[in-house]
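Enquirer: In UniProt numbering, the protein residues as written are 1 to 124.
Note that CB positions come from ideal geometry on N, CA and C, so glycine has one too.
1) Roughly how many whole angstroms lie between the Cα atoms of residue 97 and residue 106?
2) Which word fits residue 103, buried or exposed, when buried means at least 16 other C-beta atoms lie within 10 angstroms of its C-beta?
3) For the segment 3 to 48, list the beta strand (DSSP E) runs that are entirely contained and at least 3 residues long, ordered along the chain.
4) Indicate the three-state DSSP secondary structure (helix, strand or coil) for residue 60 in the structure shown.
5) Give me the Cβ distance between residue 54 and residue 61, rounded to the nearest whole Å; I'm assuming they're in contact under 8 Å.
6) How would you label residue 86, buried or exposed, when you count the other beta carbons within 10 angstroms and need 16 or more for buried?
7) Please confirm whether residue 51 and residue 21 have their CB atoms less than 9 Å apart.
8) Which residue's Cα is closest to the Cα of residue 49: 89, 34 and 63?
9) Taking its Cβ as the centre, do 16 or more other Cβ atoms sit within 10 Å of residue 23, making it buried, or is it exposed?
10) Output the distance between the C-alpha atoms of residue 44 and residue 99, rounded to the nearest integer angstrom.
11) Quick check on the DSSP output: what are the complete beta strand (DSSP E) runs of length 3 or more inside the segment 65 to 96, in order along the chain?
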């Protein structure tokens with residue numbers, strides 16, 4: 001699975017994540033109704049919703065003078081799957097790093113054991 005940069009750019013912003021949370025909790029909303037959920041203006045909310053829309057995470061439908069947005073469940077599931085895949089990749093990388101660090105520490109401990117006080121006494 002490839003990581004969709006536009007998708008991650010969209011959810012990388014904390015305000016947009018709060019908007020997604022509010023949309024999920026409320027089942028949808030307009031820029032006006034959602035502006036109460038975040039500490040930004042209605043115009044800023046509209047711009048954030050446009051970014052989420054371009055990423056496919058939400059879809060807006062004209063409703064009078066505003067647009068009503070709803071979360072695209074399939075795209076959100078895709079984002080969650082990508083996050084899980086990225087998490088597994090980093091878990092594997094961190095396990096390798098920990099293994100290397102342990103091996104390096106063991107080698108240092110062995111070297112210190114050979115050159116420690118006992119080794120100095122052997123030379124006497």
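Expert: If we stick to the structure as given:
1) 14 Å
2) exposed
3) none
4) strand
5) In fact, because the Cβ distance is near 16 Å, the residues do not count as touching under 8 Å.
6) exposed
7) no
8) 34
9) buried
10) 46 Å
11) 66 to 71
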